[in-house]
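Everything on this sheet refers to the single structure shown next.
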Amino acid sequence: MLLLTCPYCGVSADETELSPGGEAHLKRFGPGSSDEDFEGYLFMRHNQKGVHFERWRHTYGCGKWFLAARCTATLEVFGTYSAQTPEHPKEIIAKIQAKRSDWSLT
Amino acid sequence: MRHYSVFAIVKEALGYHQGWERAWRNPTPKAHYDAIIIGAGGHGLATAYYLGKNHGITNVAVIEKGWLGGGNTGRNTTIIRSNYLQDPSAAIYEKSRSLYETLSQDLNYNIMFSPRGVIMLAQTEHEKRGYLRTAHANSLQGVETRFITPREVKELCPIIHLEGPRYPVLGGLWQARGGTARHDAVAWGYARACSAMGMDIIQQCEVTAIHRENGAVSAIETTKGRIGCNKLGIVVAGHSSHVADMAGFRLPIESVALQALVSEPIKPCMDVVVMANTVHGYMSQSDKGEMVIGGGADGYNNYTQRGSFQHIEETVRALVETFPMISRLKMLRQWGGIVDMTGDRSPIISKTPVENCFINCGWGTGGFKAIPGSGWAMAELMAKGHSPLADEFGLNRFREGRFIDESVAAGVAH
Ligand SMILES: Cc1cc2nc3c(=O)[nH]c(=O)nc-3n(C[C@H](O)[C@H](O)[C@H](O)COP(=O)(O)OP(=O)(O)OC[C@H]3O[C@@H](n4cnc5c(N)ncnc54)[C@H](O)[C@@H]3O)c2cc1C
Ligand SMILES: [Zn+2]
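Protein sequences, first through last, are from chains F and E.
Residues in the first sequence are numbered consecutively from 10, following my numbering.
Residues in the second sequence are numbered consecutively from 152, following my numbering.
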């Protein structure tokens, strides 16, 4: 069972306590944007086989959204952080690279 | 290819069955093919088969990283039906279902198609109205389905409990011509027929890169070396985003785990397929007597072919309420497959931004039933550049907002 630590309440929560919310750090494109950007924002996903930055909600806990870096091929979790973080956090990138020297952010 | 028949069995019996030949060759790759298909699941093999049979293109290789049929094709619960809501879906799924009816004869391989009938239970008022609508849509589409009463449900499936406390059975959408088939046999039958046409099925060979020249595909890199091609078809289900990335484009797809399980074998007790979509569970009985059970998909991206335990629990809990007699059954095996989910829950059969590179994916939780029709359409698209069955399923529908929204009709695992 997947365990993620909620960055707000510090609880190490079972996946039954959480709801997944898909890819994180999507750039929002709205009215006035090009068709391609709007399509990309709504539908196109990296869907990596490897490290995936994603959204989760601590639904049956504090109820807040947070972000996580997790490998979709091994289920290894590299860390969780607040949903108010606009860029991929440096310390999490460093943590991933320490374990996977050939990995880089795409 | 050796023709399978009762006479062949008698003849081989006289020779102690020593004379049977291998069902397909195990060739080393050539330097170049007219067409390469990546992925030897049902959809990839059917594409190759109809390229040869319908379009005379036989200089074809099917490249598979594992063993043929070892992906979702060999992991699914084999429900075949065509009672979808939207016209493009009805067209391709009904084509597929009708091809299944004669596939054993066509391939000279017993795929054990069993049109035993499929009931989709209506367990809420909302679901009942939805299925009434689907039944009307199906009659306009020429797909034979009917909304049946709870009593008829009970007659078709006596082990069902109609008055469940939370989700009583209010009726069902019945497709008498739906059913099941033997999943492995579908892959094996197509593989044998492709091999007989001179096509090369290359197993244990992973595609690692896709080479392009002037915006068109020219070759693939594999663990068995570089192989050139004029046309390329990507048919890799859960790995579609990963392989598309090699060709430099993105897809509106997320890969998640879907699980199934089977019980110990018991005496025949159920000769139809029952799907309970509100509670995310469905069940049929295999020829060996096992109850074959499937449930809902996980919500998070995953490539591990392992799902979350609580989904098994939810599925079994729901089914025990609907079929109380299974409460004491032991479950023998449980497994997962990685399914490719699109935004509108409909598949993609399409050209791509790379010329001469085509993709067939997004069948998600329900593409076993579509194997013959999808292969038929994909082959036509690759041979001619368009196909009436495939055209509505193009990638551009996401940009144009032209969805084929089956998320209500098909959002559950089947
Ligand atoms: C548990 C479960 C239950 C299901 N139940 C049903 C059902 O009842 N009815 C129904 O209609 N559908 C069902 N489905 C869905 C159905 O199984 C799939 O839609 C269908 O089998 C997909 O077939 P495919 O040929 O596209 O993919 P697959 O059979 O997965 O084949 C893709 C192949 O591509 C290969 N591949 C991937 N990457 C590479 C690479 N880089 N190089 C070379 N080869 C590669 C893989 O090894 C694999 O063999 C179910 C699925 C699951 C997981
Ligand atoms: Zn919390």
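We put the beta carbon where it would ideally sit given N, CA and C, even for glycine.
- With contacts defined as CB atoms closer than 9 Å, Gly315 of chain E and Arg267 of chain E fail to qualify as a contacting pair.
- Taking the CA atoms as reference points, Pro475 of chain E sits about 8 Å from Ile311 of chain E.
- Residue burial is scored here from C-beta neighbours: Tyr167 of chain E has fewer than 16 other C-beta atoms within 10 angstroms and is therefore classed as exposed.
- Between ligand 1 and Ile208 of chain E, a heavy atom-to-CB distance of less than 8 Å is absent.
- Within a 10 Å sphere around the beta-carbon of Thr516 of chain E sit 16 or more other beta-carbons, which makes this residue buried.
- Rounded to whole angstroms, the separation of the alpha carbons of Ser290 of chain E and Thr300 of chain E is 18 Å.
- Listed as beta-bridge partners of Gly432 of chain E by DSSP are E:Ala427.
- Within the chosen limit of 8 Å, ligand 1 does not reach the beta carbon of Leu470 of chain E with any heavy atom.
- For Ser406 of chain E, the closest C-alpha among the options F:Pro16, F:Glu32, F:Ile105 is that of F:Glu32.
- Judged by the Cβ position, Ile231 of chain E qualifies as a neighbour of ligand 1 at the 8 Å threshold, a heavy atom of the ligand being closer than this.
- When secondary structure is reduced to three states using DSSP, Gln410 of chain E falls in the strand class.
- Relative to ligand 1, Arg226 of chain E has its C-beta within less than 8 Å of a heavy atom.
- Any heavy atom of ligand 2 counts here; residues with a Cβ closer than 5 Å to one of them, in chain order, are F:Cys15, F:Tyr17, F:Cys18, F:His67, F:Gly70, F:Cys71.
- The alpha-carbon separation between Tyr17 of chain F and Glu48 of chain F amounts to approximately 32 Å.
- Restricting attention to E:Ala186, E:His431, E:Thr209, the CA atom closest to the CA of Val467 of chain E is found in E:His431.
- Looking at the DSSP output, Pro416 of chain E bridges to E:Glu441.
- Under the Cβ distance rule, Gln93 of chain F does not count among the residues neighbouring chain E, no pair being separated by less than 9 Å.
- Met53 of chain F is positioned such that its CB atom lies closer than 9 Å to that of Arg401 of chain E.
- Residue pairing for Pro29 of chain F: DSSP places it in a beta bridge opposite F:Trp65.
- At a cut-off of 9 Å between beta carbons, His34 of chain F makes no contact with chain E.
- If you check the CB distance, Thr429 of chain E and Thr198 of chain E do not come in under 9 Å.
- Setting aside the 5 residues that flank it on each side, Ala528 of chain E is surrounded in the same chain by Ile243, Ile500, Ser538, Leu540, Ala541, each with a C-beta closer than 7 Å to its C-beta; the list follows chain order.
- For Phe52 of chain F, a Cβ of chain E is located within less than 9 Å of the residue's own Cβ.
- In chain order, Gly450 make up the part of chain E whose C-beta sits under 8 Å from the C-beta of Ser28 of chain F.
- Thr285 of chain E is outside the set of residues whose beta carbon lies under 9 Å from a beta carbon in chain F.
- For Val337 of chain E, no beta strand (DSSP E) segment is defined; the enclosing uninterrupted segment is the alpha helix (DSSP H) at 334 to 347.
- With contacts defined by Cβ atoms closer than 9 Å, Ile270 of chain E and Met426 of chain E form a contacting pair.
- Between the C-alpha atoms of Ala241 of chain E and Gln292 of chain E there is a straight-line separation of about 7 Å.
- Between Glu24 of chain F and Ser459 of chain E, the gap from beta carbon to beta carbon is short of 9 Å.
- Distance from Trp74 of chain F to Leu27 of chain F at the Cβ level is roughly 10 Å; contact not present, criterion being Cβ atoms closer than 8 Å.
- Taking the CA atoms as reference points, Lys204 of chain E sits about 24 Å from Gly221 of chain E.
- Relative to the non-hydrogen atoms of ligand 1, the Cβ of Glu357 of chain E comes within a distance shorter than 8 Å of at least one.
- Note on His67 of chain F: 16 or more other CB atoms within 10 angstroms of its CB, so buried under the neighbour-count rule.
- Straight through space, the alpha carbons of Ser558 of chain E and Arg226 of chain E are spaced by roughly 22 Å.
- For Phe544 of chain E, the closest Cβ of chain F is not nearer than 9 Å.
- Listed in chain order, the positions of the region 326 to 342 of chain E with a beta carbon within less than 9 Å of a beta carbon of chain F would be empty, since no residue qualifies.
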